[in-house]
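J.: Structure provided below as structure tokens; questions to follow.
In the numbering used here, the protein residues as written are 5 to 521.
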């Protein structure tokens, strides 16, 4: 009774909300409460009471919940924002839905839906609130290299002057560690690394050529001086010496000028030697992404070594300053093994002509992600059987490949360890309470982690206990982490880890026994 044409008004409401229940109900309430005409302008009401200054109007919270779901995990936020950005900039506000892990995660935020095999923004309200400008602002907050990245992107990814160098590049790589970034971020950082490598190579080459030229010039000068002295002694004529030295100066001048001309040619020859290294996967990120999306089985080879193996490509991650490819081995003794290897050490020798569905790819990607989340580093062991046990729904099977590591720390190092709780999977870590001067919020998560009693050892009063997959005991990064604490940590269990640390310590002592000699 409040409007002339209820059906038309409702259709306009649904056009804005896409049928989203909460927004539909809220918009109807806004029309009832704020409209003073029997022919309401629904679009204007949406802009006034929902979109404009949306945070102040978002009560009860709905849009903020959508935003928080998208940004809650900093490691994944860049990837999700990048994917959502693709949806917004596509000609018809949608991209092909392929049910990858990232697309599924983005759909779970409620921001996008799958419609007619397309991934689209759920409704016009979301599209107006979380628009391209908002996405770019959020990405800028996340990226420490946002200004350079944006300029490089606007140049069609061609302007090498916008790429990162030196410490800026090093800082960006540290920031990107363990984060899942967009394909364009990967391209930007990889291109920056490549340009940096070429610049360093060129500088070294220039220095070597200058050094060689200087040595050659010095040699010629010395030989000429000797000839001049001998000639002067024989003929006792100073003009001869002057003529020889003048000729020498001209020769050195020609040598130095020629050096500059030869340098570019030499650099061109050196940098053009591509061979297999030009096909390393770190330079073929778009190809790798395509293989992942299309579920292709390929034959991989390593740059060093004669081995070759078939694999389903699943994921690209960044770890300890290097890009890694996650894949599933096919056939042979490693059949079904999930693992990671450095992209710059692999290349695709051939497409084996087999593919599998996106659902199968997603299933195996989820398995890979579970193994990675549970492990200390990038190493996932060498046994497909152990991985299957760990992923089993039966607790008894999983328990067989889980090892409990207990370490005792001294006061100073324990402060450092307390700040690294996010290094381990939630629910696997328990510790004695942190030092009193910590800044932890004593919430429910705090109670779950810092729940162990301290030890009675006056040198190592703090207890640290974590459950890890058994293969972590062979992970170099985990062993380096433990051994890196030196005499400030005591390994309590398991026995296998105690033996490894003990043998390592003996080896170090033996290596330094003869230092006085």
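Backbone N, C-alpha and C fix where the C-beta goes; we use that ideal spot for every residue, glycine too.
Tell me the DSSP bridge mates of residue 435?
T.: Answer is 468, bridged to residue 435.
J.: Tell me, which residues are paired with residue 320 by DSSP?
T.: DSSP, once it has assigned bridges, lists 329 as partnering residue 320.
J.: From the DSSP secondary-structure annotation, give me the bridge partner or partners of residue 368.
T.: According to DSSP, residue 368 bridges with nothing at all.
J.: Would residue 472 pass as a contact of residue 409 if the rule is Cβ separation under 8 Å?
T.: Result yes, Cβ atoms of residue 472 and residue 409 sit closer than 8 Å.
J.: Using CA coordinates, which residue listed in 188, 502, 101 is at the minimum distance from residue 121?
T.: Here the closest residue by C-alpha is 101.
J.: Give the DSSP-derived three-state secondary structure of residue 81 in the structure shown.
T.: Helix at residue 81.
J.: Count Cβ pairs between the segment 367 to 374 and the segment 102 to 114 that sit closer than 8 Å; are there 3 or more?
T.: Result yes; three or more Cβ-Cβ pairs closer than 8 Å.
J.: Counting pairs of Cβ atoms below 8 Å between the segment 396 to 404 and the segment 480 to 498, do you hit three or more?
T.: No, the segment 396 to 404 is not in contact with the segment 480 to 498.
J.: Where do the ends of the beta strand (DSSP E) carrying residue 345 lie?
T.: Note, residue 345: beta strand (DSSP E), 342 to 346.
J.: Which class does residue 173 belong to by DSSP, given the choice of helix, strand or coil?
T.: Helix, per DSSP.
J.: In terms of DSSP beta bridges, what is residue 315 paired with?
T.: Paired residue(s): 302, 333.
J.: From the DSSP output, in three-state form, read off residue 61 for me.
T.: Note: residue 61 maps to helix in three-state DSSP.
J.: Where does residue 522 sit, in a helix, a strand or coil, going by DSSP?
T.: Residue 522 cannot be examined here, being either before or after the span of the chain that is shown, 5 to 521.
J.: By Cβ distance, which residues of its chain are closer than 7 Å to residue 345, with the 5 residues on each side in sequence left out?
T.: Once the five neighbours on either side are set aside, the close Cβ partners of residue 345 are 328, 329.
J.: Here's the rule I'm using: 16 or more other beta-carbon atoms within 10 Å means buried, otherwise exposed. How should residue 44 be labelled?
T.: Burial call: buried.
J.: Would you kindly report the start and end of the unbroken beta strand (DSSP E) that includes residue 98?
T.: Segment 98 to 100, the beta strand (DSSP E) holding residue 98.
J.: Are residue 359 and residue 298 close, meaning C-beta to C-beta below 8 Å?
T.: Yes.
J.: Between the C-alpha atoms of residue 452 and residue 477, what's the straight-line distance to the nearest angstrom?
T.: Answer to the nearest angstrom: the Cα atoms are 25 Å apart.
J.: Taking contact to mean at least 3 C-beta pairs separated by less than 8 Å, is the segment 139 to 158 in contact with the segment 79 to 86?
T.: The segment 139 to 158, when compared against the segment 79 to 86, does touch it at the 8 Å Cβ threshold.
J.: If you count every other CB in all the chains shown that lies within 10 Å of the CB of residue 508, and 16 or more means buried, which is it?
T.: Residue 508 is exposed by the Cβ-count criterion.
J.: Among 212, 485, 198, 130, which one has its Cα closest to the Cα of residue 288?
T.: Nearest option by C-alpha distance: 198.
J.: Here's the rule: buried if 16 or more other CB atoms are within 10 angstroms of the residue's CB, otherwise exposed. What is residue 275?
T.: Bear in mind that the predicted position of residue 275 carries a pLDDT of just 44, short of 50, making it too unreliable to give a figure here.
J.: Taking 8 Å as the threshold (C-beta atoms), are residue 125 and residue 112 in contact?
T.: Taking 8 Å as the Cβ cut-off, residue 112 and residue 125 do not qualify as a contacting pair.
J.: Using the rule of at least 16 other Cβ atoms within 10 Å of the residue's Cβ for burial, across every protein chain shown, is residue 295 buried or exposed?
T.: Looking at its Cβ environment, which holds 16 or more other Cβ atoms inside 10 Å, residue 295 is buried.
J.: Could you tell me whether the segment 133 to 140 touches the segment 165 to 182, where touching means 3 or more Cβ pairs closer than 8 Å?
T.: In short, these stretches do not touch, since the Cβ pair count stays below three.
J.: On the DSSP bridge list, what partners appear for residue 124?
T.: Partner(s): 98, 117.
J.: Could you tell me the distance, in whole angstroms, from the CA atom of residue 457 to the CA atom of residue 37?
T.: Distance between the alpha carbons of residue 457 and residue 37 is about 58 Å.
J.: Starting from the C-beta of residue 59, find all residues in its chain whose C-beta is less than 8 Å away, skip the five residues before and the five after it, and write them out in chain order.
T.: So the qualifying residues of the chain are 67, 68.
J.: Reducing DSSP to helix, strand and coil, say where residue 76 ends up.
T.: Note: residue 76 maps to coil in three-state DSSP.
J.: Which stretch, first to last residue, makes up the beta strand (DSSP E) that contains residue 413?
T.: Residue 413 -> beta strand (DSSP E) spans 406 to 413.
J.: Hey, would you say residue 474 sits closer than 8 Å to residue 382, going by beta carbons?
T.: Not in contact: residue 474 and residue 382 (Cβ atoms no closer than 8 Å).
J.: Rounding to the nearest angstrom, what Cα-Cα distance links residue 391 and residue 501 in this structure?
T.: For residue 391 and residue 501, the distance between alpha carbons rounds to 20 Å.
J.: Exposed or buried, residue 357, counting other C-beta atoms within 10 Å across all chains shown (16 or more means buried)?
T.: Exposed: under 16 other Cβ atoms inside 10 Å.
J.: With 16 as the cutoff for other CB atoms within 10 Å, does residue 35 come out buried or exposed?
T.: When all chains shown are included, residue 35 counts as buried.
J.: Taking only the alpha-carbon atoms, compute the straight-line gap between residue 226 and residue 193 and give it to the nearest angstrom.
T.: Cα to Cα, the separation comes out at about 49 Å.
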